[in-house]
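Colleague:
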Amino acid sequence: MPSPACYLLLNPSRTCHRPLLPSPRLPARLRVSCDVPRQGSDGGPKRGVMPTGAGKAKKQVVFFDAAPPVAQRGGEEEGKAEVQTKVDGAAVRFLRRATKRTLSVLSNLPLAIAEMSAIAGLMAMGTVIDQGEVPSHYFEQFPEDNPVFGFITWRWILTPGFDHMFSSPVFLGLLALLAASLMACTFTTQLPMVKVAKRWSFMSSGGSIKKQAFSESLPRASIQDLGVILMGAGYEVFTKGPSLYAFKGLAGRYAPIGVHVAMIFVMAGATLSATGSFKGSVDVPQGLNFVIGDIMKPKGIFSVAPDVFNTEVHVNRFYMEYYDSGEVSQFYSDLSLFDLDGKEVMRKTIKVNDPLRYGAITIYQTDWGFSALQVKKNGEGPFNLAMASLKQSGNKKLYGTFLPLEDPDPSKSSVKGISMLARDLQSIVLYDQDGKFVGVRRPSSRLPIEINGNEILIEDAIGSTGLDLKTDPGIPVVYAGFGALMLTTCISYLSHAQLWALQDGTTVVVGGKSNRAKIEFSDEMNRLLNKVPELISVNEKTVDNKSSTA
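Read left to right, the sequence shown gives residues 1 to 550 (the UniProt record's numbering).
Set out below in structure tokens:
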């Protein structure tokens, strides 16, 4: 119940006589008389009884149960504002606590180690499981009736997207979680450590200095002499009265932050590669061409097609080199690139591990095939016989084709002819119409062979090149991240050394510590402090010489 408000309708500064109420609850309306004294002849107040119509006048003061509407509305608004302020303050406090708790959980070292272990495990799985194959391939490799290791079937591969491991939601989610952990560790641990290391902290107590990992007392010394020696050793030296503070290797404190940033760059580049790239594969016979945009497929939601997709690629020549044993050692593709106007903008012969790069496109030599065989029969032709890939166990390739011959007996429905088999482009094995071995010919030999009364000449073996094309906007980011990671990792091995000293009469108390290379730090301190007496001796001799000269 709000307190009643009093409104004095006339002369509010006058005294009002209000009767006491027996109950704390006020009536809805209460009238109280107020005495308004009249002035006497002497100018003072006069409270005596006055005749009717003169002297004492009575006015009324009206008490209300509630405040007037305007005042009531203002009070409600103030109350609402106060409540809203409390709610906002509670929300801010909750948000701060939640943020602090989240950062504490994410910056946990065991969690980061578990994340990196999980990512490494998925990467290992990505090298074992064939990537980018059709579903039927995984049905055969991981059947349900014979699971690998007793439980791994094709469902374990296709459901989480492990057939495209490095763009799967599980892999990308772990990368994002590790990046969050690195950023949380940077803000909660590394940055505060750098801020502390940058402060000039002087010690005013010799006992505190002696508690350091390394401490020593130098008799007949001064902090000025010590400061000169430390500056010569690469230390940043600061003095304040009898106190000295020195440090070096502050870059070693910044390096862990750089390592975290570099790792985030590597993961960001990998994510960009997985979600913003294009990829395509094509087998092109020698002498034919294709348009880049016709074979490229987006790999993520951020894939943007570049202008070079309108470029046409022509295969001028495809050829291979062989070992002495006859095995293929290397294969080459002579490629020309043409713009929309038909102008050649680039030409290069590519091979394995030596791709062609044009704009945002990279063309890799990845495979080879046998496209066709040019054959002359009895001087006629040449005929282009398409070579078919025959299924062969292992990694060795086998191709075959068939040259039909005229059957002298038309009543027979079967077609007979010459069979030709090849494992590569350098030699062709020929069989007659009965399937008997006849001989071997090289396309470059130009030597004919007689088979079933027909003169056969192998003129040329036309190969096809297997090309992989891709755009990968994340590669520059990954390279930059790895470069920064190597640099900052080396810098992180620099030790951050701190030294304090205090002038106590003619004695200097020295103490210090280092975050790494503690034994080397102690040896360095002993070596530097041994120079102080030498410097003092030199200074004394200089003073004596000046005194004798004077």
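Every residue, glycine too, gets a C-beta built ideally from N, C-alpha and C.
Quick caveat: nothing in here was measured; it's all calculated off a predicted structure.
Between Leu373 and Ile428, which are expected to be in contact by the criterion C-beta below 8 Å, what is the C-beta distance as a whole number of angstroms?
Modeller: Contact holds; Cβ gap of about 7 Å.
Colleague: Do three or more CB pairs link the segment 238 to 255 to the segment 175 to 188 at distances below 8 Å?
Modeller: No, the segment 238 to 255 is not in contact with the segment 175 to 188.
Colleague: How far does the alpha helix (DSSP H) with Ile519 in it extend, from its first residue to its last?
Modeller: Start and end: Lys518 to Leu529.
Colleague: Classify Met263 as buried or exposed, calling it buried when 16 or more other Cβ atoms lie within 10 Å of its own Cβ.
Modeller: Met263 is buried by the Cβ-count criterion.
Colleague: Does Leu20 come out as helix, strand or coil in the three-state DSSP assignment?
Modeller: With a pLDDT of only 44 at Leu20, under the threshold of 50, the placement of this residue in the model should not be trusted, and no figure is reported.
Colleague: Counting pairs of beta carbons, one from the segment 187 to 198 and one from the segment 476 to 491, are three or more of them closer than 8 Å?
Modeller: In short, these stretches do not touch, since the Cβ pair count stays below three.
Colleague: Beta carbon of Val315, beta carbon of Ser333: below 8 Å?
Modeller: Cβ distance < 8 Å, so Val315 and Ser333 count as in contact.
Colleague: Please state the DSSP three-state secondary structure of Leu122.
Modeller: DSSP places Leu122 in helix when its eight states are reduced to three.
Colleague: Looking only at C-alpha atoms, which of Ala90, Ile456 and Gly435 sits nearest to Arg442?
Modeller: Of the candidates Ala90, Ile456 and Gly435, the one whose C-alpha sits nearest the C-alpha of Arg442 is Ile456.
Colleague: From Gln224, Pro169 and Ile361, pick the residue whose C-alpha is nearest to that of Gln503; which is it?
Modeller: Ranking Gln224, Pro169 and Ile361 by Cα distance to Gln503 puts Gln224 first.
Colleague: First and last residue of the alpha helix (DSSP H) that includes residue 555?
Modeller: Because the chain spans 1 through 550 in this model, residue 555 falls outside it and cannot be assessed.
Colleague: Once you ignore the five residues that flank Pro382 on each side, which residues in its own chain have a CB closer than 7 Å to its CB?
Modeller: Within the same chain, Pro382 has close Cβ partners Gln374, Val375, Lys376 and Glu459.
Colleague: Between Gly463, Val438 and Glu133, which lies nearest to Ile451 when the distance is taken from Cα to Cα?
Modeller: Comparing Cα positions, the closest option is Val438.
Colleague: The ligand ADP and Arg155: does the residue's C-beta get closer than 7 Å to at least one heavy atom of that ligand?
Modeller: Annotation note on the ligand ADP: not contained in the displayed structure, which lists no ligands.
Colleague: Which value, in whole angstroms, describes the spacing of the CA atoms of Asp523 and Ala517?
Modeller: Computed Cα separation, rounded: 10 Å.
Colleague: Which whole-angstrom value is the C-beta distance of Pro285 and Ser414, which I expect to be below 8 Å?
Modeller: At roughly 31 Å, the Cβ-Cβ gap does not stay under 8 Å, so Pro285 and Ser414 are not in contact.
Colleague: Verify whether the separation of the beta carbon atoms of Phe521 and Ala501 is less than 8 Å.
Modeller: Their beta carbons are not under 8 Å apart, which means Phe521 does not touch Ala501 by this criterion.
Colleague: Using a beta-carbon distance below 8 Å, is Ser117 in contact with chain C?
Modeller: Absence of chain C from the displayed structure is noted, only one protein chain being present.
Colleague: Classify Ile428 as helix, strand or coil using the three-state DSSP reduction.
Modeller: Here Ile428 sits in strand by DSSP.
Colleague: Can you grab the Cα-Cα spacing for the pair Val532 / Ala246, in whole Å?
Modeller: Approximately 16 Å, taken between the alpha carbons.
Colleague: Mind checking which residues open and close the beta strand (DSSP E) that includes Tyr245?
Modeller: Taken as a continuous stretch (DSSP letters only), the beta strand (DSSP E) holding Tyr245 covers Ser243 to Lys248.
Colleague: Between Lys299 and Arg101, what straight-line distance do the alpha-carbon atoms span, to the nearest angstrom?
Modeller: Each residue's alpha carbon lies about 37 Å from the other.
Colleague: Can you give me the Cβ contacts of Thr153 inside the same chain, cut-off strictly under 6 Å, excluding the 5 residues immediately before and after it?
Modeller: Contacts found: Phe142, Glu144 and Pro147.
Colleague: Keeping to the same chain, check which residues put their C-beta closer than 7 Å to that of Ser346; ignore five residues upstream and five downstream.
Modeller: One point to set straight first is that residue 346 is Met, not Ser, in the sequence displayed. So the list reads Leu337 and Tyr358, once near-sequence residues are dropped.
Colleague: Report the residue from Asn384, Arg423, Lys416 and Gln131 whose alpha carbon sits nearest the alpha carbon of Asn395.
Modeller: It is Arg423 whose Cα lies nearest to the Cα of Asn395.
Colleague: Can you list, in chain order, the residues of its chain with a C-beta nearer than 6 Å to that of Glu236? Leave out the 5 residues immediately preceding and following it.
Modeller: For Glu236, where only same-chain residues beyond five positions count, the Cβ hits under 6 Å are Phe247.
Colleague: Go ahead and label Ser107 buried or exposed: buried means 16 or more other beta carbons lie within 10 angstroms of its beta carbon, across all protein chains shown.
Modeller: So Ser107 ends up on the buried side.
Colleague: Ignore the nearest five residues each way along the sequence and tell me which others in Ser303's own chain have a CB closer than 7 Å to its CB.
Modeller: Gly276, Ser277 and Phe278.
Colleague: Could you tell me the alpha carbon to alpha carbon distance between Met320 and Val328, rounded to whole angstroms?
Modeller: C-alpha separation (whole angstroms): 7 Å.
Colleague: Which word fits Val508, buried or exposed, when buried means at least 16 other C-beta atoms lie within 10 angstroms of its C-beta?
Modeller: With 16 or more other Cβ atoms within 10 Å, it is buried.
Colleague: Comparing alpha-carbon positions, which option in Leu385, Asn384 and Gly400 lies nearest Lys391?
Modeller: Of the listed residues, the one whose Cα sits closest to Lys391 is Gly400.
Colleague: Which residues mark the beginning and the end of the alpha helix (DSSP H) in which Val375 is found?
Modeller: Note, Val375: premise wrong, no alpha helix (DSSP H); beta strand (DSSP E) at Ile361 to Lys377.
Colleague: In whole angstroms, give me the CA-to-CA distance for Ser419 and Phe402.
Modeller: Cα to Cα, the separation comes out at about 5 Å.
Colleague: For Asp472, count neighbouring C-beta atoms within 10 Å of its own C-beta (all shown protein chains included) and say buried if the count is 16 or more, exposed if not.
Modeller: Buried, by the Cβ-count rule.
Colleague: What whole-angstrom Cβ distance do Phe214 and Gly511 have, given they're in contact under 8 Å?
Modeller: Going by Cβ atoms, the distance from Phe214 to Gly511 rounds to 6 Å, so yes, they are a contact pair.
Colleague: Taking only three categories from DSSP, how would you classify Phe142?
Modeller: The answer is coil: DSSP assigns Phe142 none of H, G, I, E or B.
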